[in-house]
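Student:
Residue numbers (our numbering): 2 to 313.
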């Protein structure tokens with residue numbers, strides 16, 4: 002499942018942001034810089050707490066949608082938090098804007114996402130100050146969030162974040178789904194970890210190892226989430242769902258062990274896109290493209306409690 006969701010160069014179907022139905026909320030579109038556009042969603046009554054939501058891998062927009070998979074999971078998360086007196090800023094990943102303009106940057110690397118997240122934190126510290134700022138990183142956004150929480154942030158939340166470096170995740174996925182390519186993949190990954198590129202890779206795995214995205218992969222491979230998280234001194238909340246098809250709860254447990262400042266919450270029947278799944282894997286997979294579902298209510302309660310009182 003990991004392979005399906007991390008590929009960057011995919012056709013993107015943009016989603017139009019509609020006005021919120023809840024009259025108690027206000028949404029403002031903000032251009033942080035030339036790369037980043039997003040939405041600040043706030044309760045009409047002034048709040049001094051902001052949560053910055055960082056999306057998962059792929060060309061994911063501010064609402065949590067990419068390609069033909071529209072579920073509005075991050076938009077629903079933002080609404081739920083705003084209704085609990087927590088302002089949120091969610092944004093389109095830079096690849097979204099580039100794809101919409103037809104000028105995808107072939108030189109993009111993982112650290113560009115970290116640069117974007119830090120720029121957002123700086124913006125809200127200087128231009129639109131809040132008393133407290135939290136980062137919520139979903140999936141790949143968990144690692145981006147960890148790397149962006151070094152300063153000026155009051156707490157960090159990992160939603161369905163992996164404890165393993167992505168090269169380890171990738172090898173395990175290849176071993177499970179295409180074991181005949183494991184040895185070749187390990188050779189290619191070893192080169193990428195050294196900062197090198199290669200044209201000699203299994204063509205059947207070109208969506209993963211294409212030369213155009215090797216620099217991005219190389220920069221991503223450099224980080225071990227458990228090591229990055231262990232360096233954070235701020236309060237940390239780690240959340241995973243028991244029905245996450247992409248990130249098993251063992252990953253959340255490994256992150257929790259790595260952080261002395263963390264709390265761990267496993268939410269029963271929650272899947273990777275933050276919905277409640279009562280049925281089988283087919284229902285789970287279909288939910289990625291279903292807009293009628295609601296964000297798991299226990300998730301909203303858990304996040305609200307932590308953000309309002311991270312020390313408890």
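Think of the CB as a built atom: it goes at the ideal place given N, C-alpha and C, for glycine as much as any other residue.
On a predicted model such as this, the values are computed, not experimentally measured, just so you know.
1. Consider the Cβ of residue 41: report whether some Cβ of chain B lies at a distance smaller than 7 Å.
2. Tell me, which residues are paired with residue 161 by DSSP?
3. DSSP three-state call for residue 153: helix, strand or coil?
4. In the DSSP assignment, find the beta strand (DSSP E) that holds residue 252 and state where it starts and stops.
5. To the nearest angstrom, how far is the alpha carbon of residue 261 from that of residue 231?
6. Starting from residue 167, trace the alpha helix (DSSP H) both ways and give me its first and last residue.
7. Taking C-alpha atoms, which residue in 112, 32, 139, 215 lies nearest to residue 248?
8. Which runs of the beta strand (DSSP E) fall wholly inside the segment 116-155 and span at least 3 residues, in chain order?
9. By how many angstroms is the C-alpha of residue 300 removed from the C-alpha of residue 241?
10. Does the beta-carbon distance from residue 142 to residue 32 come in below 7 Å?
11. Can you tell me whether residue 224 is helix, strand or coil according to DSSP?
12. For residue 283, does the count of other Cβ atoms within 10 angstroms reach 16, so buried, or fall short, so exposed?
13. Buried or exposed: where does residue 188 fall if 16 or more other Cβ atoms within 10 Å of its Cβ makes it buried?
14. Taking residue 70 as the reference, which of 227, 294, 289 has the closest Cα?
15. Under 8 Å: do the segment 173-187 and the segment 264-277 share three or more Cβ pairs, one atom per stretch?
16. Can you look up residue 91 in the DSSP assignment and give me helix, strand or coil?
17. By a C-beta neighbour count over all protein chains shown, 10 Å radius and 16 as the cutoff for buried, is residue 269 buried or exposed?
18. Which residue wins for smallest C-alpha separation from residue 151, given the options 30, 134, 193?
Tutor: Reading it off the structure:
1. Going by chain labels, chain B is absent from the structure shown, which holds only one protein chain.
2. DSSP lists no partner for residue 161.
3. coil
4. No beta strand (DSSP E) contains residue 252, which is instead part of the alpha helix (DSSP H) from 250-259.
5. 7 Å
6. 167-178
7. 139
8. 133-139
9. 9 Å
10. no
11. coil
12. exposed
13. exposed
14. 289
15. no
16. strand
17. exposed
18. 134
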